[in-house]
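Going line by line, the protein sequences match chains A and B.
Following this note's numbering, the numbering of the first sequence begins with 7 at its first residue and continues without gaps.
Following this note's numbering, the numbering of the second sequence begins with 29 at its first residue and continues without gaps.
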Amino acid sequence: ILNVEQSPQSLHVQEGDSTNFTCSFPSSNFYALHWYRWETAKSPEALFVMTLNGDEKKKGRISATLNTKEGYSYLYIKGSQPEDSATYLCAFHWTGNQFYFGTGTSLTVIP
Amino acid sequence: EADIYQTPRYLVIGTGKKITLECSQTMGHDKMYWYQQDPGMELHLIHYSYGVNSTEKGDLSSESTVSRIRTEHFPLTLESARPSHTSQYLCASSDPYSLTDTQYFGPGTRLTVL
């Protein structure tokens with residue numbers, strides 16, 4: 007089982023604050039890095055998939071960067087809103103075809 | 029939008045009972061997966077399938093079994109439930125021909141065995 011680490015484990019921010027989380031993964035046998043957003047009682051929802059070193063993806067106020075050489079990805083949320091409250095999961099997709107998930111970062115945005 | 033369904037959403041059952049957790053998808057995806065998640069822990073792959081009549085065990089050992097008789101259906105069965113099986117079970121599917129092989133998840137079944 008490969009080790010994927012996410013930090014911080016949980017985060018409370020005020021509405022309007024910007025925030026970021028980290029996903030660390032093995033730097034060898036990389037195929038892709040996936041970010042998911044998981045709201046309570048709902049299905050995890052795919053946010054981004056990143057495949058190339060230096061990739062940057064953006065969807066509204068959320069963006070992500072990827073460094074495959076050093077094995078990390080950052081997820082940024084600009085101007086957090088209460089509806090951004092969720093657990094953000096990253097998954098390392100290695101060349102052996104399986105996904106390895108981190109434990110997630112639980113974000114609470116306080117109005 | 030992903031169309032993948034799991035039933036039941038919540039199940040509380042006594043030790044020794046046989047249970048089947050249902051998972052269905054309407055996207056025609058060949059690949060399907062079952063993950064188990066204990067509180068505060070990662071999702072761990074317990075079973076996967078590449079298509080009809082294909083099933084494989086994942087990295088995390090599990091006493092459950094799966095079957096894949098139809099593309100859209102991937103049920104998970106526990107012959108004799110025990111308290112150690114208490115966990116959340118998530119089903120997912122993906123299109124192996126897509127570039128990214130993104131997995132689409134169901135809402136999960138939260139199982140409690142008393």
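Ideal Cβ positions, reconstructed from N, Cα and C, are used throughout, including at glycine.
Please read all numbers here as calculations on a predicted model, not as lab measurements.
For glycine 56 of chain B, the closest Cβ of chain A is not nearer than 8 Å. For the region 76–108 of chain B, the set of positions with a beta-carbon nearer than 9 Å to some beta-carbon of chain A reads Tyr76, Gly86, Asp87, Leu88 in chain order. Of all residues in the region 82–114 of chain A, the ones placed with a Cβ closer than 9 Å to any Cβ belonging to chain B are Leu95, Ala97, His99, Asn103, Gln104, Phe105, Tyr106, Phe107, Gly108, Thr109, Gly110, in chain order. Remark: fewer than three beta-carbon pairs, one from each stretch, lie closer than 8 Å, so the region 104–113 of chain A and the region 32–45 of chain B are not flagged as touching. For histidine 72 of chain B, the secondary structure class from DSSP, reduced to helix, strand or coil, is strand. In the three-state DSSP reduction, histidine 57 of chain B falls in the coil class, being neither helix nor strand.
Across the set A:Glu11, A:Gly22, A:Thr28, A:Thr57, the C-alpha of A:Glu11 shows the shortest separation from the C-alpha of methionine 69 of chain B. Taken through DSSP and simplified to helix, strand or coil, serine 89 of chain B comes out as coil. Beta-bridge analysis with DSSP links valine 80 of chain B to no other residue. Contact between tyrosine 132 of chain B and tryptophan 62 of chain B does not hold, since their C-beta atoms are separated by about 14 Å, which reaches or exceeds 8 Å.
In the structure shown, serine 112 of chain B adopts helical secondary structure according to DSSP, grouped into three states. A straight-line Cα-Cα distance of about 9 Å links histidine 40 of chain A and threonine 57 of chain A. With a contact defined as Cβ atoms closer than 8 Å, alanine 70 of chain A and tyrosine 80 of chain A qualify at about 7 Å. Asparagine 73 of chain A has A:Tyr78 as its beta-bridge partners, per DSSP.
DSSP places histidine 99 of chain A in the uninterrupted beta strand (DSSP E) bounded by 92–100.
If you ignore the 5 residues before and after alanine 38 of chain A, its C-beta comes within less than 6 Å of the C-beta of Val55, Thr57, His99, all in its own chain and listed in chain order. Rounded to the nearest angstrom, the Cβ distance from methionine 55 of chain B to serine 112 of chain B is 33 Å, too far for a contact under 8 Å. Apart from the 5 residues on each side of it in sequence, proline 135 of chain B sits with its Cβ closer than 7 Å to the Cβ of Gln34, Arg37 in its chain, given in chain order.
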